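Below is one structure; the comments refer to it alone.
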Amino acid sequence: MKRRDFLAGGCAGCASLLPGLAAAQPAWEIPARFARPDAGSDEGGLWSMMDREEVRLRKSPFSLRDPKLQAYVQDIACRLAGEHCPDVRVHLVRTPLFNASMAPNGMMQVWSGLMLRVDNEAQLAAVLGHEIGHYLARHSVERLRDAKSRSAFGMFIGMFGAVGQLGQLGLIAGMFAYSREHETQADSIGVLLMRKAGYDAAEAAKVWENLQLEMKARPDGDASRSPFFATHPPAAERQQALAELARASPGGAANEAQWREGVKPFLRDWLHEEVKRGQHEESLALLGRMIARSPAAADYRWARGEVYRLRARDGDLDSAVADYLAAVADGGEPPDTHRGLGMIYRARRQSPEARTSFQRYLELAPEAPDSALIKSYVEELRT
Amino acid sequence: MRLASSVFAVLAVSFAGVAWGQSKNLAPGFTSLPKGANVVIMPTDIELFSISGGGVLEPKADWTEAATQHFKTALRDKKQKLGLRTLELAEKDADELAEVNTLHAAVARAIALHHFGTPLPTKEGKLDWSLGEPVQAIKKVTGADYALFSWVRDSYASAERQAAMVALAFVGIGLGGGMQVGYASLVDLNTGQVLWFNRLLRGRGDLREADKAAETVEALLEQFPVAK
Amino acid sequence: MRTLPMALLVFLLAGCAGVAKVESGERGLGERMLVSLDGPWNKVSAPDREPAEVWTMEGRPVDELLIYSGIKNEQVIHATAMGANRKNFAFRSGMQPDEIVAMFEGMLTRDGSTFKLVKLAPADFGGAKGFRFEYALTRKVDNVQLSGLGFGTVSGGELFALLYQAPRLAFFPRHQPQVEKMARSARIKT
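Chains as they are written, first to last, in this note's numbering: chain A, 1 to 383; chain B, 1001 to 1228; chain C, 2001 to 2190.
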């Protein structure tokens, strides 16, 4: 079978550019769905390798298999992909870092760290749309055709299957970073897809802004260690370009309420994993932003309290107590809030307060893993 | 990763005239499969790598893809020659059995490391490892009484590497050109006992081509305990 | 770069790992801890787990008993060669049980494995007040799901602890009773 030249493929009934986006961009149209290439061709080989990675991914204990959440994110990806919807397969992964990727065979990974950080559907759509943009414009395949990357073919494939491989992924991903042109193109395709799906494109610039804020908070200021930034080199002018693209095509929804509702069952777990990363400065930047957005959300207050308590620098314990108490005032606070308070009071020898807090913790979470230990603390504090 | 020179050194040591008696590959009290035994062939875990000039191992997905196909074909031929009644495990069933599979892989690493390497005194020189009851999950899905697992990791010198090898050989330095490691293991699906285990550790073998892949299968399944 | 380097190393370093038999009976661990063994174990050389002494029944790829005896204030509880960029976990004499468990969790997850605390309760250990904890660990390198059991106490400002982990299928239940017995027999000299 003759190999079709996909890049030149015309398409019947595909979407035309939205007015206003034509400005600086060469005419680009959404291609028709990609057919699976010949098994014998080099692209065909690539696909079957991707399929192997996908099987690995499915079997991994780090895969987040909640059907409802998966269907929710799959639906957003689908609406963005339009005609390409049947080819997009979303896999959610439990890893507390901002990352999403899409392999040339349609396999899409979305990490829990990304889902924690986006404020609404539109922001998620911005990232997924960007990845779909790389997919539709065949950027990965282009890179593979480049003779230079031939020798690291195998590593490249492994990257798409790599589940939560942090340090290594950063290194490898750095080698395969998308070029500036690819990034710009994916940005504009992403915005196009967002608007077609009814999302507010202004949210796109916000995602990168928020992410950069967090990266800047790192004590070493080294953004490149983020797996996402390793493949998508951040550049200030992109944010500007995105903002312009959005201005040229206003309107659309953010769907913040729906998003909060959808991720609510997972929020505490994801916050807990974020705290456990032990990257205190980044967590404080992230949580500070979230608290500013949703002042009455006890979960974020609790999480920040935990970070302060664990960092325990001068003044941190006071900040922790303040955050924990704010969480309690907000209501619906995680039981661990009282545990955190109890630990601090106990260390400060404020026995009555410690006892009260620990008892409240045990009341709210009688089946907690450390309930036996906490009970013994309560007994100790009586004497 | 500077594995190559240590690879060469280890190879030199392990080939120092050690001939393993057949009993080393067999669990105590086991000699051969009963006639007509049902054996399920678990999907082989293969990965091929290239060694760059500087000794860095890079996974080669395209080679791995080819090798997996060749190995499968060769294995099918071999089991016919052995006269084994076998079933192959379907991919979807393999998903269900993922945990038992990963468990087996860990046990196999322990056997390769200790039984064929530095012995664990408490094992008293015997092939005495058992996965226990959990293997019955495989029996449940397949109906088989035994399972054959196999695993191969293969590395090949890239062109730069080969050039470096030639150059250094002239000054008397031996560089490893790549090696093949693997194992085949036969497990009793009622008790979980590893009945037979064969380890491959050598500097030759090539899974990238069909005929050479057949040779690797021969080596892996050497003296496989079929009833005579 | 996936599991090959580790797996290959395991094959290759077979000749390099030292293994010694630990006989049944009384056994001193470090300068101040003593345990009673009713069956032999295998002591393996494990520089990556230093300062812990490592024993095993089936081989390190399957199960490990980590023995920490007399860990001092500010001592790092793992080998620092691996990944200079990563956070170090050190013991501090003033640590509470939950902090010590968090420290072990940090150490065990440095390679990307995931840890989940199942239980933490006060318990006597070594003849002193201490704690006992149970955990689940999903090993990053090969996805094996392990169950873990730990005992610890701080005596004279030093940490004494035993951690045992093995696959939750078959192996952990098989060796757990032996480990519990060993922990109950532990004595720490003051």
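Just so you know, even glycine gets a beta-carbon here, dropped at the ideal spot from N, CA and C.
All values derive from a computational prediction rather than experimental measurement.
CB of residue i within 9 Å of CB of residue j, strictly
i              : j              : result
residue 2110/C : residue 2089/C : yes
residue 2186/C : residue 2125/C : yes
residue 1135/B : residue 1189/B : yes
residue 98/A   : residue 266/A  : no
residue 323/A  : residue 361/A  : no
residue 205/A  : residue 190/A  : no
residue 122/A  : residue 186/A  : no
residue 2151/C : residue 2069/C : no
residue 2129/C : residue 2153/C : yes
residue 2067/C : residue 2076/C : no
residue 2148/C : residue 2108/C : yes
Buried or exposed (CB count within 10 angstroms, at least 16 for buried), residue i
i              : result
residue 75/A   : exposed
residue 264/A  : exposed
residue 309/A  : buried
residue 1187/B : buried
residue 2074/C : exposed
residue 1035/B : exposed
residue 2056/C : buried
residue 2097/C : buried
residue 293/A  : exposed
residue 2140/C : buried
residue 180/A  : exposed
residue 333/A  : buried
residue 342/A  : buried
Residues bridged to residue i [DSSP beta-bridge criterion]
i              : result
residue 1181/B : 1153/B, 1201/B
residue 1045/B : 1151/B
residue 2122/C : 2131/C
residue 2042/C : 2021/C, 2056/C
residue 1130/B : 1193/B
residue 2139/C : Residue 2139/C pairs with nothing; no bridge assigned.
residue 111/A  : 93/A
residue 2116/C : 2136/C
residue 2165/C : 2064/C, 2148/C
residue 1188/B : 1146/B
residue 2036/C : 2026/C
residue 2187/C : 2034/C
residue 1039/B : 1086/B, 1146/B
residue 462/A  : The requested residue 462/A is not part of the displayed model; chain A covers only 1 to 383.
residue 253/A  : 199/A
residue 2159/C : 2071/C, 2154/C
Separation of residue j from residue i, as counted between CA atoms
i              : j              : result
residue 1118/B : residue 131/A  : 49 Å
residue 1192/B : residue 59/A   : 23 Å
residue 2144/C : residue 2164/C : 15 Å
residue 2133/C : residue 2072/C : 21 Å
residue 291/A  : residue 301/A  : 7 Å
residue 1182/B : residue 2037/C : 36 Å
residue 136/A  : residue 2135/C : 44 Å
residue 340/A  : residue 273/A  : 16 Å
residue 101/A  : residue 2101/C : 35 Å
residue 1225/B : residue 1194/B : 13 Å
residue 2034/C : residue 2188/C : 6 Å
residue 242/A  : residue 312/A  : 39 Å
residue 1047/B : residue 1150/B : 12 Å
residue 2156/C : residue 2127/C : 13 Å
residue 65/A   : residue 2162/C : 34 Å
residue 36/A   : residue 277/A  : 40 Å
residue 350/A  : residue 356/A  : 10 Å
residue 246/A  : residue 326/A  : 37 Å
residue 171/A  : residue 232/A  : Because residue 171/A sits at a pLDDT of 48, beneath the cut-off of 50, its placement in the model cannot be relied upon, and the following sentence gives the value as read from the coordinates. So the two alpha carbons sit approximately 13 Å from each other.
residue 1031/B : residue 1223/B : 11 Å
residue 21/A   : residue 234/A  : Low per-residue confidence applies at residue 21/A: pLDDT is 40, beneath 50, and the placement is therefore not dependable, though the value from the model is reported in the following sentence. Each residue's Cα considered, the two are about 22 Å apart.
residue 1206/B : residue 1051/B : 14 Å
residue 1108/B : residue 1185/B : 8 Å
Closer than 9 Å at the beta carbon, the chain E residues around residue i
i            : result
residue 65/A : Reference to chain E is not applicable here, since the protein chains of this structure are A, B and C.
**Study point:** Cβ contact check for the segment 1119-1126 of chain B and the segment 1074-1086 of chain B: 3 or more pairs under 8 Å
**Key:** no
Review point. Are three or more beta carbon pairs between the segment 1082-1102 of chain B and the segment 1040-1049 of chain B nearer than 8 Å?
Key: The count of Cβ pairs closer than 8 Å, one atom from the segment 1082-1102 of chain B and one from the segment 1040-1049 of chain B, reaches three, so the stretches are in contact.
**Study point:** Contact the segment 79-96 of chain A vs the segment 107-117 of chain A: 3+ CB pairs below 8 Å
**Key:** yes
Practice item. Decide yes or no for the touch test of the segment 206-222 of chain A against the segment 67-86 of chain A: beta carbon pairs closer than 8 Å, at least 3 of them. Key: no
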